[in-house]
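Note that this note's numbering has the sequence shown beginning at 7, numbered continuously upward. Below: the structure, in structure tokens.
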Amino acid sequence: MPIDLFMTQLSPTMTEGKIARWLKKEGDTLESGEILAEVETDKATMEMEVVDEGVLHKILSPAGATVPVGSVIAVIAEEGEEVAADYAPAAGDAAPAAEEAQATAVEEAPAPVAEIVAAPVAPAPVARKGRIKASPLARRLAKQKGINLAAIAGTGPNGRITRSDVEKAVRRGINIGGATAAVVAPPARPLPAGPLPYHEDEFERVENSMMRKAIARRLSESKQQVPHFYLSVDVSMDRLMDLRAQLNEAADGAFKLSVNDFVIKAVAKALVDVPAANASWTDRDTLLHKHAHISVAVAIDGGLITPVIRFAEQKGISDISAEVKELATRARAGELQPEEYSGGTFSISNLGMYGVKQFAAIVNPPEGAILAVGGTDERAVVENGAVVVRKMMTLTLSCDHRVVDGAVGAEFLAALKKHIERPAGTLI
């Protein structure tokens, strides 16, 4: 019997994938463990391995097609099996051919701006009985949101509930875990479409990658849904720079510590001092994290990704330094696995190496805060009535006010300032 091959969820936030290329063609024999295709997700281009052995009977989604998670992308048959000419996949639809998704003309018809009205509460669907098939990510998210999985129709293989299904249920206002459904906020007013004020010969079209679209979507949602507030503090870097130079010299090439390595360790220690800053918001609960899992922003071709330094409060600076370098190298090569860039509790974005003095970053939900790190420069500082020159750095903390209050953010920055200005303590 033919086997339908589905677009699987290759990253925790993936809702659709783009077939970058097929490494097998129709008629090829497939063996378990072989690489069948490369799929561009919202985070990276990832390899799809063969699970079911057989023959690649038909490719339904060609290279270049963007396919929702749970859709059938190919059909696998057993060796020597005759597949009926009218065979149709059991679930999901094939994605449209890549050429059907070409860029639209420069002049587009204006889209009507919908009147904003309160969105009605979605009716609660009838809960189904029996064993519920759901991915671990879907179960975890449903538990956080207080949603009964029995009320959700799965779009994954064999009706399996995916994270995408749960997120759609949340947006529709389904909340079967309680007596009533959640109220859905009205959609944001869309920007009106119209003719672009440029001639075709004045620009080059660059197709938005899955990663670029995901960044745009997530950051737009963050600015629209997360109530941001910002706190800044100036810290003296003289002692830290001296200690860094001494340690690097003593290492004799065994390692080379960066300023960011010290900042990561100082942030981890400050989160231990002020655990209320190491928190995440969900509609049902505030999550107070027991460990500092630090997401570090890394610029890569086409966007950025945030590999996670787990249990940073338990690691030495040289270990953190080695891990950051290794993760950044593999991130730029597109080799990170989903578990290596998900599950962070606090983010750091450092643009100091570009000469940026200070900036404010956007909170990366569900994390409750992100630290923007500026560059180190010499400034005139008044100490005990005298003007002295110090190496200074400006740190800006962006907070989700739903979970981090102003006093908590200020307390965290005070603790962070202490650890940076007394860097020897970070070595303990």
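Yeah, the Cβ is synthetic: ideal placement off N, Cα and C, and Gly gets one too. Being a predicted model, the structure only gives us computed values, none of them experimental.
Assuming residue 228 contacts residue 369 (C-beta within less than 8 angstroms), just tell me the rounded distance between them.
Taking the first residue of the sequence shown as position 1, residue 228 is located at position 222. Taking the first residue of the sequence shown as position 1, residue 369 is located at position 363. Yes, residue 228 and residue 369 are in contact; Cβ-Cβ is about 6 angstroms, under 8 angstroms.
What does DSSP give as the partner residues of residue 72 in its beta bridges?
Taking the sequence shown and counting its residues from 1, the one referred to as residue 72 is at position 66. DSSP, once it has assigned bridges, lists 24 as partnering residue 72.
Which value, in whole angstroms, describes the spacing of the CA atoms of residue 83 and residue 93?
Along the sequence shown, one-based indexing puts residue 83 at 77. Along the sequence shown, one-based indexing puts residue 93 at 87. Each residue's alpha carbon lies about 11 angstroms from the other.
6 angstroms Cβ shell around residue 356 - same chain, five flanking residues per side excluded
For the purposes of this step, residue 356 is identified with residue 350 of the sequence shown, where counting begins at 1. Hits under 6 angstroms: 266, 379.
Status (buried if at least 16 other CB within 10 Å, exposed otherwise) for residue 233
One-based indexing of the sequence shown puts residue 233 at position 227. That one is exposed.
For residue 362, collect the residues of the same chain with a Cβ closer than 7 angstroms to its Cβ; drop the 5 residues on either side in sequence, then sort them by chain order.
Translated into positions along the sequence shown, residue 362 becomes position 356. Answer for residue 362: 380, 381, listed in chain order.
May I have a chain-ordered list of the alpha helix (DSSP H) segments no shorter than 4 residues that lie completely inside the stretch 307 to 384?
Whole alpha helix (DSSP H) segments, 4+ residues: 323 to 338.
Is there a Cβ of chain D sitting closer than 9 angstroms to that of residue 418, yes or no?
Here there is only one protein chain, and chain D is not present.
Tell me whether the stretch 267 to 286 and the stretch 419 to 427 touch, counting them as touching only if at least three CB pairs, one residue from each stretch, are closer than 8 angstroms.
Flag = yes, the stretch 267 to 286 and the stretch 419 to 427 touch.
Straight-line gap, residue 366 to residue 231 (C-alpha atoms, nearest Å):
Stepping through the sequence shown from its first residue, residue 366 is reached at position 360. Stepping through the sequence shown from its first residue, residue 231 is reached at position 225. The straight-line gap from Cα to Cα measures roughly 17 angstroms.
Do residue 302 and residue 253 have their C-beta atoms within less than 9 angstroms of each other?
As a first step, residue 302 is located in the sequence shown; it is residue number 296 there, counting from the start. As a first step, residue 253 is located in the sequence shown; it is residue number 247 there, counting from the start. Their beta carbons are not under 9 angstroms apart, which means residue 302 does not touch residue 253 by this criterion.
Where the beta strand (DSSP E) containing residue 285 begins and where it ends
By one-based count along the sequence shown, residue 285 stands at place 279. Here the beta strand (DSSP E) through residue 285 covers 285 to 287.
Straight-line CA distance for residue 404 to residue 358?
Numbered from 1 along the sequence shown, position 398 holds the residue referred to as residue 404. Numbered from 1 along the sequence shown, position 352 holds the residue referred to as residue 358. In a straight line, the C-alpha of residue 404 is about 17 angstroms away from that of residue 358.
Okay, do the stretch 71 to 85 and the stretch 22 to 41 touch, 3+ Cβ pairs below 8 angstroms being the bar?
yes
Residue 318 and residue 271 - do their beta-carbons sit closer together than 9 angstroms?
Numbered from 1 along the sequence shown, position 265 holds the residue referred to as residue 271. Numbered from 1 along the sequence shown, position 312 holds the residue referred to as residue 318. Contact flag set, yes.
Under 9 angstroms, do residue 387 and residue 399 count as touching if we go by C-beta distance?
To locate residue 387, count along the sequence shown from 1; it is residue 381. To locate residue 399, count along the sequence shown from 1; it is residue 393. Taking 9 angstroms as the Cβ cut-off, residue 387 and residue 399 do not qualify as a contacting pair.
Among 396, 171, 158, which has the Cα closest to the Cα of residue 20?
Position 14 of the sequence shown, counting from 1, holds the residue named residue 20. Among 396, 171, 158, the Cα nearest to that of residue 20 belongs to 171.
Using DSSP with H/G/I as helix, E/B as strand and the rest coil, what is residue 423?
On the sequence shown, residue 423 is found 417 positions in, with the first residue counted as 1. Residue 423 falls in the helix class under three-state DSSP.
For residue 296, name the three-state secondary structure that DSSP assigns.
Against the sequence shown, residue 296 aligns to sequence position 290. Residue 296 falls in the coil class under three-state DSSP.
Report yes if the C-beta distance between residue 350 and residue 314 is below 9 angstroms; otherwise report no.
Residue 350 sits at position 344 when you count from the first residue of the sequence shown. Residue 314 sits at position 308 when you count from the first residue of the sequence shown. In contact: residue 350 and residue 314 (Cβ atoms closer than 9 angstroms).
Give me the Cβ distance between residue 58 and residue 217, rounded to the nearest whole Å; I'm assuming they're in contact under 8 angstroms.
Working through the sequence shown from its first residue, we reach residue 58 at position 52. Working through the sequence shown from its first residue, we reach residue 217 at position 211. Actually they do not touch by this definition, with Cβ atoms about 29 angstroms apart.
Go to residue 226, then tell me how far its alpha helix (DSSP H) extends in each direction, as first and last residue.
Here residue 226 corresponds to residue number 220 of the sequence shown, with the count starting at 1. Its alpha helix (DSSP H) spans residues 216 to 231.
Sequence-distant residues of the same chain with beta carbon closer than 6 angstroms to residue 214, five excluded per side
Counting from one through the sequence shown, the residue named residue 214 turns up at place 208. For residue 214, where only same-chain residues beyond five positions count, there are no Cβ hits under 6 angstroms.
Roughly how many angstroms lie between the CA atoms of residue 294 and residue 8, to the nearest whole one?
Counting from 1 along the sequence shown, the entry for residue 294 is found at position 288. Counting from 1 along the sequence shown, the entry for residue 8 is found at position 2. Those two C-alpha atoms are separated by around 48 angstroms.
Buried or exposed: residue 15, going by 16 or more other Cβ atoms within 10 Å of its Cβ?
In the sequence shown, the residue the question calls residue 15 occupies position 9. Buried.
Helix, strand or coil, according to DSSP, for residue 399 in the structure here?
Start at 1 with the first residue of the sequence shown, and residue 399 comes out as number 393. Note: residue 399 maps to strand in three-state DSSP.
Whole-angstrom distance between residue 18 and residue 292, CA atom to CA atom
Here residue 292 refers to the residue found at position 286 of the sequence shown. Here residue 18 refers to the residue found at position 12 of the sequence shown. Rounded to the nearest angstrom, the gap between the Cα atoms of residue 292 and residue 18 is 21 angstroms.
What did DSSP end up calling residue 263 once you bin it into helix, strand or coil?
Taking the sequence shown and counting its residues from 1, the one referred to as residue 263 is at position 257. Note: residue 263 maps to coil in three-state DSSP.
Quick one: give me the first and last residue of the beta strand (DSSP E) that residue 13 is part of.
As a first step, residue 13 must be located in the sequence shown, where it is residue number 7. Unbroken run through residue 13: none, as it is neither H nor E.
Can the beta-carbon of residue 306 be found less than 9 angstroms from the beta-carbon of residue 328?
Locating residue 306 in the sequence shown gives position 300, where the first residue counts as 1. Locating residue 328 in the sequence shown gives position 322, where the first residue counts as 1. Taking 9 angstroms as the Cβ cut-off, residue 306 and residue 328 do not qualify as a contacting pair.
Sequence-distant residues of the same chain with beta carbon closer than 6 angstroms to residue 407, five excluded per side
The residue labelled residue 407 in the question sits at position 401 within the sequence shown. Taken in chain order, the residues that qualify are 233, 235.
State the start and end residues of the unbroken beta strand (DSSP E) segment that holds residue 240.
As a working mapping, residue 240 is identified with position 234 in the sequence shown. Its beta strand (DSSP E) spans residues 234 to 242.
Might you give, ordered along the chain, the residues of its own chain that have their beta carbon closer than 7 angstroms to the beta carbon of residue 427, omitting 5 neighbours on each side?
Counting from one through the sequence shown, the residue named residue 427 turns up at place 421. Once the five neighbours on either side are set aside, the close Cβ partners of residue 427 are 241, 242, 245.
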